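The numbering of the sequence shown is my numbering, which starts it at 12 and goes up by one. Beta carbons: idealized from backbone N, C-alpha and C, even for Gly. Since the model is a prediction, treat every value here as computed from it, not as a measurement. Data block below; observations after.
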Amino acid sequence: MTDAPSTRAGAGIRTWAPDALLIAIAVAALWGHALVGGAGGRFVLLRDAVSTPGPPLSDAALGVGPAAARAVPQDVTMWALQHAFTAVGAPEALVLPLLVAAALILLGVAGRAWALAAVPHAGFAVRAPAITVAMWNPFVAERLAQGAWSLLLGVAAAALVPLYFLLTSPSRERSARGNPAWLVPVIALAAFTPTGLVMAAVAVVGAMVVAACAGRRVARAAAFAVPALALAAMPALAGTLLGWGAGDAGSAEAGVAAFAARAEPGLATIGSLAGLGGIWNSDAVPGSRTGALTVLLTLPLLLVWITGAVFAFRRVRPTGDSASSASSGAPADMLPARTALGAATAVIALVSLAATPPGQATLTAMIDTAPALGILRDGQKWVGLAIPGAAVAIALVAHAVRTGIAPSSTRLAAAGAAAFVLVPLVLVPDAGKFLNREFVPVRYGGGWDGVNDVLAAASEASGSRQTVLVLPAGGFRSTPLWAGGRVVLDPAARLLHADVLEPGDLAVGGQIVEGEGGDARDAQRALLGGADAGELAAMGVDWVLDETTSRGERGNAADTLAGAQQRFADDELTLWRLPAADPAATENAEAFAPASESARRLALVAHAAWALALVGGAAGALIAGRRR
């Protein structure tokens, strides 16, 4: 009997070994190029994904700037991890690629967990399709290509949350129920961005209600989940209360229309979403999802959805005979499977409705009433909540095939089930090639260090942070120096140790979606209009930086800069110092005043609370697990 724990551990390792190998292969295929680039000191820079050397701990990073706190606690975490990597001599460029790899691994773990929730004791032939569909699908490929890498962390972590409420049936083995103490770090990880926080909250509330209605005990899991949500929400809450509001909310109607889910060729919007695709930006879509074959590529998954739902929701005779239950293609405890499939159906239907004209009008009215609901405007990102349903559906179908063939040939049965790995591979066959081609790791020119030196000297001389307006206009850049000329979010705010004035406007589908930076937009218009340099300085602008290799609008900025002093120039950057403003004419300068020290300190405390939930919660869960 003394060998029982080690025997169980050995069995667990043997069970995990093929799953871990499959997950590693998927990570290498999807993200290996970026990992190699990061190890070589090159940074990820594509669309919304921006990593830079030595990012500043700015007001925007803390969430207390004029724009909405969309990247908390993400930016502070990146700042801390990059400094830690630098301190130990590791390449800081590797931080973002490693976090993406962690998100992909966690997606695979979530797919595996849901397969086992739907089919207890499922073999590798049943687990493999679920792992693959969770990691290799249009949602993952498109969101990575869009640069929304941190969203994947939220999706993966939120996918695990319901299991701690649903796997509490007495018919489940104790080891299969999980340790609810893990809810604390899992929820904190989901809250890596505000969207992930909302996903985790939805998962907690939804799973708690479903489990309670089914007579499951939820008190113990809730005792961990509710405080975890409170701690995890602190950075976003601090940003909302202390920062956002200095700016304006922009155009809700234009934003809702621009970010609505998109129908792929031959598929209605609902079909695209059921195929886990439909992102608003067609430039972030793999080539295989843009042609006439899209319908054929999606059809296998659509059939899996339907067939899996049939297996999950059909009546199972409560005979208590495990063999009979297995041969039916579905285990007796179908609450987790039905919950995942029901949630996926609801999410796909709601996002599809939100993309219709009435749905857009309703969403616009909601955001106009409560600007914080702007987090809902990018509807397709919520399809990430359907990934557990896809994993469950494909596991149930693979299990049915395996049990249906088993009497004639065990090997043939396993092969038939494992063949369902092809479903996600067919769904987006070029995902790996597409991502490795899109992500071209970059090295930043030395001119950025030169600009920072000038700004640092000016800040030290004046005793205040400097404000910088950047050319060309717009928040995105296209230059042959970065990512092969692909569109990237301007990294200036994460490269310069100064306050970079950003309107936050986006050009989507030929229309402009205004951001919250109304005062920055006014200053930018004055610069493009050729206003007097002194007038621009009176608005609170100290410097103008021209990223000369980037294509974009510069208007009559040359007329303004004729009255400014050039302080730095190289082949990539030109920095201009505006004349000192007349103190009597600087009424608008307060618009660009930095956050107060008290606001920054409170934001840091909020981030510390989140970090405590993540790191302390993980340590506590490990200790609790050893005592079980």
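inquiry  = Just to confirm the assignment: which complete alpha helix (DSSP H) runs, minimum length 4, are found wholly within the region 157–225?
reply    = Correct list: 160–171, 174–177, 185–188, 194–201, 205–224.
request  = Go ahead and label A518 buried or exposed: buried means 16 or more other beta carbons lie within 10 angstroms of its beta carbon, across all protein chains shown.
outcome  = Translated into the one-based positions of the sequence shown, residue 518 becomes position 507. Per the 10 Å Cβ criterion, exposed.
inquiry  = Short of 8 Å in beta carbon distance, which residues of its chain neighbour G631, apart from the five on each side in sequence? Order them along the chain.
reply    = Position 620 of the sequence shown holds residue 631. Excluding positions up to five away in sequence, the list reads A192, V195.
Coarse secondary structure for F270, derived from DSSP in three states = By one-based count along the sequence shown, residue 270 stands at place 259. It is coil, neither helix nor strand.
request  = Any chance you could list the alpha helix (DSSP H) runs of at least 4 consecutive residues sitting entirely within the region 438–526, in chain order?
outcome  = As far as the region 438–526 is concerned, its whole alpha helix (DSSP H) runs of at least 4 residues are 442–449, 458–473, 503–506.
Contact the region 473–483 vs the region 546–565: 3+ CB pairs below 8 Å = Yes, the region 473–483 is in contact with the region 546–565.
message = Threshold first: 4 residues or longer. Then list the alpha helix (DSSP H) segments lying entirely within the region 393–417, N to C.
response = Correct list: 398–416.
ask   = Excluding sequence positions up to five away, which residues of its chain have a Cβ less than 7 Å from the Cβ of N463?
value = Here residue 463 refers to the residue found at position 452 of the sequence shown. The beta carbon of N463 is closer than 7 Å to those of L507, H508 in its chain, skipping five residues each way along the sequence.
ask   = Would a C-beta distance cut-off of 8 Å place L33 and I142 closer than the cut-off?
value = As a first step, residue 33 must be located in the sequence shown, where it is residue number 22. As a first step, residue 142 must be located in the sequence shown, where it is residue number 131. Here L33 is near I142, since their CB atoms are less than 8 Å apart.
key: Nearest-angstrom beta carbon gap, V439 and P149 [assumed within contact, 8 Å]   = Within the sequence shown, the letter at position 138 stands for residue 149. Within the sequence shown, the letter at position 428 stands for residue 439. Contact flag correct, Cβ pair sits at about 5 Å.
key: For A145 and A114, the rounded distance between their alpha carbons   = In the sequence shown, the residue the question calls residue 114 occupies position 103. In the sequence shown, the residue the question calls residue 145 occupies position 134. Between A114 and A145, the C-alpha separation is close to 11 Å.
task = Just tell me which of L171, G250, V220, P382 has its CA closest to the CA of V267.
result = By one-based count along the sequence shown, residue 267 stands at place 256. Out of L171, G250, V220, P382, P382 has the C-alpha closest to the C-alpha of V267.
key: Bounding residues of the alpha helix (DSSP H) (the contiguous stretch that carries A580)   = Residue mapping note: residue 580 aligns to position 569 of the sequence shown, counting from 1. Careful: A580 lies outside any alpha helix (DSSP H), inside the beta strand (DSSP E) at 576–580.
ask   = Could you give the C-beta distance for V403 and W125, rounded to a whole number, given that I count them as a contact under 8 Å?
value = Looking up residue 403 in the sequence shown gives position 392. Looking up residue 125 in the sequence shown gives position 114. So it is a contact: roughly 5 Å between Cβ atoms.
task = My understanding is that L92 touches V106, with C-beta atoms under 8 Å, so please give their C-beta distance in whole angstroms.
result = Translated into the one-based positions of the sequence shown, residue 92 becomes position 81. Translated into the one-based positions of the sequence shown, residue 106 becomes position 95. Correct: roughly 5 Å between the Cβ atoms.
request  = State yes or no: is the C-beta of G189 within less than 8 Å of the C-beta of A354?
outcome  = Numbered from its first residue, the sequence shown carries residue 189 at position 178. Numbered from its first residue, the sequence shown carries residue 354 at position 343. Contact annotation: G189 and A354 have beta-carbon atoms that are not nearer than 8 Å.
ask   = Would the region 51–70 and the region 218–229 be scored as touching if the rule is three or more Cβ pairs under 8 Å?
value = As far as the Cβ criterion goes, the region 51–70 does not touch the region 218–229, which means the pair count is below three.
Per DSSP, cross-strand counterpart(s) of W554 = Here the question's residue 554 lines up with position 543 in the sequence shown. Answer is V479, R588, bridged to W554.
key: Cβ-Cβ distance between G298 and E275 below 8 Å   = Looking up residue 298 in the sequence shown gives position 287. Looking up residue 275 in the sequence shown gives position 264. Taking the C-beta atoms as reference points, E275 is found no nearer than 8 Å to G298.
ask   = By Cβ distance, which residues of its chain are closer than 8 Å to A635, with the 5 residues on each side in sequence left out?
value = Along the sequence shown, one-based indexing puts residue 635 at 624. The residues are N190, A192.
task = Label W291 either buried or exposed according to how many other C-beta atoms from any shown protein chain fall within 10 Å of its C-beta, with 16 as the threshold for buried.
result = One-based indexing of the sequence shown puts residue 291 at position 280. By the neighbour-count rule (16 or more Cβ atoms within 10 Å), W291 is buried.
ask   = Exposed or buried, what is S283 when buried is set at 16 or more other beta-carbons lying within 10 Å of its beta-carbon?
value = Residue 283 sits at position 272 when you count from the first residue of the sequence shown. Counting other Cβ atoms within 10 Å of its Cβ, S283 reaches 16 or more and is therefore classed as buried.
ask   = Between the C-alpha atoms of V481 and D557, what's the straight-line distance to the nearest angstrom?
value = Numbered from 1 along the sequence shown, position 470 holds the residue referred to as residue 481. Numbered from 1 along the sequence shown, position 546 holds the residue referred to as residue 557. Their backbone Cα atoms lie some 6 Å apart in a straight line.
request  = Identify whether A60 lies in helix, strand or coil by the three-state DSSP scheme.
outcome  = For the purposes of this step, residue 60 is taken as residue 49 along the sequence shown, with counting starting at 1. Strand.
task = On the DSSP bridge assignment, give the partners of F54 in chain order.
result = Position 43 of the sequence shown, counted from the first residue, corresponds to residue 54. Residue pairing for F54: DSSP places it in a beta bridge opposite V453.
request  = Assuming V465 and D510 form a contact by the criterion Cβ under 8 Å, report the distance between their Cβ atoms to the nearest whole angstrom.
outcome  = Translated into the one-based positions of the sequence shown, residue 465 becomes position 454. Translated into the one-based positions of the sequence shown, residue 510 becomes position 499. In this structure, V465 and D510 do not form a Cβ contact; the two beta carbons are roughly 15 Å apart against a cut-off of 8 Å.
key: Beta-carbon spacing of G158, A37 below 8 Å   = In the sequence shown, counting from the first residue as 1, residue 158 sits at position 147. In the sequence shown, counting from the first residue as 1, residue 37 sits at position 26. Against a cut-off of 8 Å, the Cβ pair of A37 and G158 comes out as no contact.
message = Rounded to whole angstroms, what is the Cα-Cα separation between D70 and L623?
response = As a first step, residue 70 must be located in the sequence shown, where it is residue number 59. As a first step, residue 623 must be located in the sequence shown, where it is residue number 612. Between D70 and L623, the C-alpha separation is close to 22 Å.
Span of the alpha helix (DSSP H), counted from its first residue to its last, around V315 = Counting from 1 along the sequence shown, the entry for residue 315 is found at position 304. Counted as a single uninterrupted DSSP element, the alpha helix (DSSP H) harbouring V315 occupies residues 305–324.
Given L253 as reference, the closest of A232, D379, L73, L314 once Cα atoms are compared = As a first step, residue 253 must be located in the sequence shown, where it is residue number 242. Nearest of A232, D379, L73, L314 to L253, Cα basis: L73.
query = Quick one, which of V499, A376, L584, T204 has its alpha-carbon nearest G458's?
reply = Within the sequence shown, numbered from 1, the residue matching residue 458 stands at position 447. It is L584 whose Cα lies nearest to the Cα of G458.
ask   = In three-state terms, what does DSSP make of V111?
value = By 1-based counting over the sequence shown, the position of residue 111 is 100. Assigned with DSSP and collapsed to three states, V111 falls in helix.
Extent of the continuous alpha helix (DSSP H) run through L539 = As a first step, residue 539 is located in the sequence shown; it is residue number 528 there, counting from the start. Element bounds for L539: 529–539.
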